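**Q** Submitted below is the structure of interest, expressed as structure tokens.
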């Protein structure tokens, strides 16, 4: 009777079920399951909805799939554990949700397309024709070449002396 704590033989579930009341048996199974999930965070995740206790198996980004939670009906990517993003890779979704990266890409595209930001109000402006004197809707008079702000009369003098013409 003194060696019980050294026995590491598993007790079969049907035996445990036979000796425990149904509620205690159910609680034991739930606790064992939660413990298993918590000890294997790379393999299992909880649904991202705060009050939902549903668990799903994680996958690699190569085998990503959208899982629809049967409890709360939210969709989640099994690879990155973010909201489902069908038609996009996890990297593309991350890029789309990063406002700083989005702004950088937008700025790059606008610059490549010939747009510039007004130095006074930061609104995108485009020069389609005419001289290098631009007037933004905020009222700023801008030299398109160097993007400096001038008063309406001095901008032409600046363009002639600094840039050799209008």
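Numbering (the numbering used here), first residue to last: 91 to 256.
Beta carbons: idealized from backbone N, C-alpha and C, even for Gly.
Remember, it's a predicted structure, so these values are computed and weren't measured experimentally.
Do the CB positions of residue 211 and residue 226 come within less than 8 Å of each other?
**A** Yes. Within cutoff.
**Q** In chain order, what residues of the same chain lie with their CB nearer than 8 Å to the CB of residue 132, ignoring the 5 residues before and after it?
**A** Within the same chain, residue 132 has close Cβ partners 148.
**Q** Could you give the DSSP three-state label for residue 167: helix, strand or coil?
**A** Three-state result, residue 167: strand.
**Q** Bridge partners of residue 136, per DSSP?
**A** 145
**Q** For residue 213, is the classification buried or exposed, using 16 other Cβ atoms within 10 angstroms of its Cβ as the cut-off for buried?
**A** exposed
**Q** What three-state label does DSSP hand residue 157 in the structure shown?
**A** Residue 157 sits in a strand when the DSSP states are folded into three classes.
**Q** For residue 137 and residue 179, what's the separation of their Cα atoms in angstroms?
**A** 20 Å
**Q** Going by CA-CA distance only, name the one from 236, 223, 192, 237 that's closest to residue 243.
**A** 223
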